[in-house]
Amino acid sequence: MPWNRKHLLDLESLSKAEIVEILDTAASFKEVSGRSVKKVPALRGKVVVNLFFEDSTRTSNSFSLAAKRLSADVMSFSSKGSSVSKGETLIDTAKNIEAMGVDAFVIRHYAPGAPHLLARHTDCSVVNAGDGSHEHPTQGLLDIFTIREKLGKVEGKTVAILGDIRHSRVARSNAHGLRKLGARVILAGPPTLVPPAIGKALGVEVSHDIDAVVEQADALNCLRIQFERKAGRFFPGVREYAAIYGLDDERMKRAKPEAIIMHPGPINRGIELTPELADGKRSVILQQVSNGLAVRMAVLYLCLGARGN
Amino acid sequence: MPWNRKHLLDLESLSKAEIVEILDTAASFKEVSGRSVKKVPALRGKVVVNLFFEDSTRTSNSFSLAAKRLSADVMSFSSKGSSVSKGETLIDTAKNIEAMGVDAFVIRHYAPGAPHLLARHTDCSVVNAGDGSHEHPTQGLLDIFTIREKLGKVEGKTVAILGDIRHSRVARSNAHGLRKLGARVILAGPPTLVPPAIGKALGVEVSHDIDAVVEQADALNCLRIQFERKAGRFFPGVREYAAIYGLDDERMKRAKPEAIIMHPGPINRGIELTPELADGKRSVILQQVSNGLAVRMAVLYLCLGARGN
Amino acid sequence: MPWNRKHLLDLESLSKAEIVEILDTAASFKEVSGRSVKKVPALRGKVVVNLFFEDSTRTSNSFSLAAKRLSADVMSFSSKGSSVSKGETLIDTAKNIEAMGVDAFVIRHYAPGAPHLLARHTDCSVVNAGDGSHEHPTQGLLDIFTIREKLGKVEGKTVAILGDIRHSRVARSNAHGLRKLGARVILAGPPTLVPPAIGKALGVEVSHDIDAVVEQADALNCLRIQFERKAGRFFPGVREYAAIYGLDDERMKRAKPEAIIMHPGPINRGIELTPELADGKRSVILQQVSNGLAVRMAVLYLCLGARGN
């Protein structure tokens, strides 16, 4: 059994065997979610803390539900209206919560590296739920899980990640994980959002020609344009973006027959991809969400040592 | 057993037998709330999602507690700080939550018909917790439950609903449910808030003479003046409203000896009714709250098919 | 068994035997928190309501976790976005929640005496989680628990409470509890924040000479300067405060070898005490947090009559 870590901080530092261990554990938990009584007692009496310094109802709900499905208790702690707003440091906040006898922190933070800092100062497990533009390892894992499930395997497959690569922790986690499992990864989008240096840093290909990329890809993972983070400053307008870099039926005619379309959500319908594609038969977007639950159950289960290894 | 629906969207489309089935099921759950250990395992492993697009701590708490008393897990999702504020549609939001493996949506929405729309797009159960000025079926049911409990039966009783009928989903749900069970319903209040067309649309009587109504009613259900929704624009002032349409001891001298006073809360004390009446022996206001829990347990239990039919 | 109260409203009205009963019960619950499965079924099926009219993530989390560790369900109710903002009174709010069949209110309120008022109007248990500048009894109890644990006993020990005594409910609860258990209590700080009348009112000593106090104390409890409540108006500046009234290594050279340093958190590092002292070997600050959980479990357990007396 390759897993003997207490934390999941990023995919960059995991081995191929560790990633496969998470995916296999997630596969067994996916079966639980299909049962009538969707609970297992693996983490009964444990407390998982959602420590979110950025809003994300979707991710925090997914982790909460994963923890509850393992019979853990969940405590949610956002930076608003808390002692953080009274000037307390991240470590002081965490040490105080830890002193209440909790077992794991699921942390989302705007600062890259915040989960790593926390892991050095706590005896609890730490799971990174997104740190700045660095990594979002469980999103990477659920994307990889979905690719493996839909395409049969990851090795040798070509995965294109489209859009705002520059600011994307999702792209980074996907690139690291997919490379380790032997996939070919192409980052594609406008030159302003996909600088060549990123490809070099991550050891993957870069392209600005979406049509060429669509022809080669087995999986097309469209990232969200994060207008709320002013991503709109990096291209002339949404119509231009949709026309040149967005996915639509016309462009998808070039794609392989079995190619799948992914998106981490929430979708800007009509920009990254058309509503028809988002809801069409190539789309595995909702399966990604379902798989996210299984992956997060697996991560909490393994990091909290519930397997007893 | 008449119940074989998956959703509770309104009272207008229910049969008399279906309403009675909910009331009878609620009566058996009311007994659970009186026990020392107030839990039954009926919905263990199920997940109920509170999807609230309008603030309502009171109603969402009542549903949450009802779900927990049935041993379900509860996930609360408000439109603030969520992906809804990132421009996602209701259906996209719901499909994403559904993909996490949840079982029921309890939805409150400012748009009439939103729960019906949701029900057409999800495999989960949908319970309407108030949609605009359309319906609020569980409030209607708990009011009817309370009338049945206090007056012994509903058929043949005269129920007056007083106040801002124009904007009230509570009035609509009450009118539909009470009529089906054979009660006489009178909607009463200022002509600006009780237009005759409403009576015609709902098939019930309309009156602007509160004194005459008080004399005839077995139950007086005072609606809340919703100042936060600018209901104050429909009458000259609160003192005039209280004097002409509010309930006080003087006016209640005309009432039948056994007539009960109801209010869905929160009360504007001194406007819709005096504090003395709100806390007096005719008042069944707090029993309405208690019965709300039993009714919501029954609705979740029946819609989620926990009875096994 | 001395405990037969339903409420914990303050320490002023408790007997020595009652305080000791809470401390002893807490000691047995502290053992539970050290187990792998940190739950006991004592309050299964009970509902504990956090009714917070002031923000306090830390205290409400501690109570929530204490309640969950006893297997109770928790309902959180803050004054924001609730019917309170629609003008409802505290008592109406509480009576409505009570009608849902809940068992205990944990109330924090800006008005001194609000928990006492509530206790007179409800059949539920009421636990004061801080009322204005009056009392914060569970904070007092956890401080006293920590002193007893670290120093072996309370009787005959000298406890100094440093800082903003004038506005501090923590100081008041500590003073009452410690006196009853036979400790010597010294309130110390700037004359503007420690008026002599307070010492007289609480029956304890007052000093403005921190060096002299440090020499005598077995426990030094540093209160937080509440800048968010404009406590800064009572002294010239934070550097002056730190120099004259703050704890640092230099000043602590005068202290007894076994003297402990306490703080209710969150700490203003470098003002009330230096980071070195906060994290040093005399500091018992995180143990206070851990003990808070055990104390709150004990209080809920005793007030809800789970012992069966």
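Residue numbers (the working numbering), protein chains in the order written: chain A, 263 to 571; chain B, 263 to 571; chain C, 263 to 571.
C-beta atoms are modelled at their ideal positions from N, C-alpha and C, and glycine is treated no differently.
Predicted, not measured: the structure shown is a model, and the values here were computed from it.
Could you please give the first and the last residue of the uninterrupted beta strand (DSSP E) stretch that includes residue i?
i         : result
Thr420(A) : Thr420 to Leu424
Arg370(C) : Ala366 to His371
Val468(C) : Glu467 to Ser469
Ile533(A) : Looking at the DSSP string, Ile533(A) is not in any beta strand (DSSP E), and its letter there is neither H nor E.
Ile572(B) : With chain B covering 263 to 571 only, the question about residue 572(B) has no answer from this structure.
What distance in whole Å lies between the Cβ atoms of residue j and residue i, which are believed to be in contact at a cut-off of 8 angstroms?
i         : j         : result
Tyr503(A) : Ile487(A) : 7 angstroms
Leu566(C) : Ser290(C) : That pair is no contact at about 16 angstroms.
Leu548(C) : Lys357(A) : 6 angstroms
Ile353(C) : Val311(C) : Actually they do not touch by this definition, with Cβ atoms about 14 angstroms apart.
Leu464(C) : Arg434(C) : 7 angstroms
Cys654(B) : His429(B) : This structure leaves residue 654(B) out entirely; chain B is present only between 263 and 571.
Val573(B) : Leu564(B) : Nothing about residue 573(B) can be read from this structure; chain B reaches only from 263 to 571.
Ala479(A) : Ala521(A) : 6 angstroms
Gly394(B) : Pro377(B) : 10 angstroms between Cβ atoms; not a contact.
DSSP puts residue i in a beta bridge; with which residues?
i         : result
Cys565(A) : DSSP output for Cys565(A) lists no bridge partner at all.
Ser338(C) : Asn312(C)
Asp393(A) : His371(A) and Glu397(A)
Cys484(B) : Leu424(B)
Ala450(C) : Leu424(C) and Ser469(C)
Arg491(B) : Answer by DSSP bridge pairing: none, since Arg491(B) is not bridged.
Met559(A) : Answer by DSSP bridge pairing: none, since Met559(A) is not bridged.
Gly388(A) : What sits at residue 388(A) in the sequence shown is Val, not Gly. Answer is Phe367(A).
Leu270(B) : Val389(B)
Ser545(A) : Ile523(A)
Residue range of the alpha helix (DSSP H) that residue i falls in?
i         : result
Val475(B) : Ile472 to Gln478
Ser295(C) : Lys278 to Ser295
Ile506(B) : Val500 to Tyr507
Met514(B) : Asp511 to Met514
Ile359(A) : Leu352 to Glu360
Ile460(A) : Pro458 to Leu464
Ala437(B) : Arg431 to Lys442
Ser326(C) : Thr319 to Arg331
Leu305(C) : No alpha helix (DSSP H) contains Leu305(C), which DSSP labels as neither H nor E.
Arg382(C) : Ala376 to His383
When you check each C-beta in the segment 514 to 531 of chain B against every C-beta of chain C, which residues fall closer than 9 angstroms? Residues of the segment 514 to 531 of chain B that bring their beta carbon within less than 9 angstroms of a beta carbon in chain C comprise Gly527, Pro528, Ile529, Asn530 and Arg531, in sequence order.
According to a CB-to-CB cut-off of less than 7 angstroms, which residues of the segment 304 to 332 of chain C neighbour chain B? Cβ proximity to chain B below 7 angstroms picks out Arg306, Gly307 and Val309 from the segment 304 to 332 of chain C.
Inspect the CB distances between the segment 388 to 406 of chain A and the segment 271 to 280 of chain B and report whether three or more fall short of 8 angstroms. No, the segment 388 to 406 of chain A does not touch the segment 271 to 280 of chain B.
Cβ contact check for the segment 405 to 419 of chain B and the segment 541 to 559 of chain A: 3 or more pairs under 8 angstroms: Taking one beta carbon from each stretch, the segment 405 to 419 of chain B and the segment 541 to 559 of chain A have fewer than 3 pairs nearer than 8 angstroms; the two do not touch.
Any chance the segment 472 to 479 of chain C sits against the segment 446 to 454 of chain C, with 3 or more Cβ pairs inside 8 angstroms? Taking one beta carbon from each stretch, the segment 472 to 479 of chain C and the segment 446 to 454 of chain C have 3 or more pairs nearer than 8 angstroms; the two touch.
Can we say the segment 365 to 380 of chain C touches the segment 315 to 331 of chain C, given the rule of at least three CB pairs closer than 8 angstroms? Between the segment 365 to 380 of chain C and the segment 315 to 331 of chain C there are three or more inter-stretch CB-CB distances shorter than 8 angstroms, so the stretches are counted as touching.
In the segment 537 to 556 of chain B, which residues sit with their C-beta less than 7 angstroms from some C-beta in chain C, listed in chain order? Result list: Leu548, Val551, Ser552 and Leu555.
Of the residues that make up the segment 357 to 378 of chain B, which ones have a beta carbon closer than 9 angstroms to any beta carbon in chain A? Taking 9 angstroms as the Cβ-Cβ cut-off against chain A, the residues of the segment 357 to 378 of chain B that qualify are Lys357, Asn358, Ile359, Glu360, Ala361, Met362, Gly363, Val364 and Asp365.
When Cβ atoms are compared, which residues of the segment 279 to 297 of chain A fall closer than 7 angstroms to chain B? If the cut-off is 7 angstroms between Cβ atoms, the segment 279 to 297 of chain A has Ser295 near chain B.
Near-chain A residues of the segment 457 to 477 of chain C (beta-carbon distance less than 9 angstroms), N- to C-terminal order: Those would be none; no residue qualifies.
Report yes or no: do the segment 507 to 522 of chain C and the segment 533 to 546 of chain C share at least 3 C-beta pairs separated by less than 8 angstroms? Touching, yes.
With three or more C-beta pairs closer than 8 angstroms as the rule, is the segment 415 to 423 of chain C touching the segment 434 to 448 of chain C? Verdict: yes, contact present.
What are the residues of the segment 376 to 402 of chain A that lie near chain C, defined by any Cβ-Cβ distance shorter than 8 angstroms? Taking 8 angstroms as the Cβ-Cβ cut-off against chain C, none of the residues of the segment 376 to 402 of chain A qualify.
Hey, is the segment 462 to 471 of chain C in contact with the segment 487 to 502 of chain C, meaning 3+ C-beta pairs nearer than 8 angstroms? Because the criterion of three Cβ pairs below 8 angstroms is not met, the segment 462 to 471 of chain C and the segment 487 to 502 of chain C do not touch.
Taking three-plus beta-carbon pairs below 8 angstroms as touching, is the segment 292 to 303 of chain A in contact with the segment 301 to 317 of chain C? Contact between the segment 292 to 303 of chain A and the segment 301 to 317 of chain C is not established, with fewer than three Cβ pairs separated by less than 8 angstroms.
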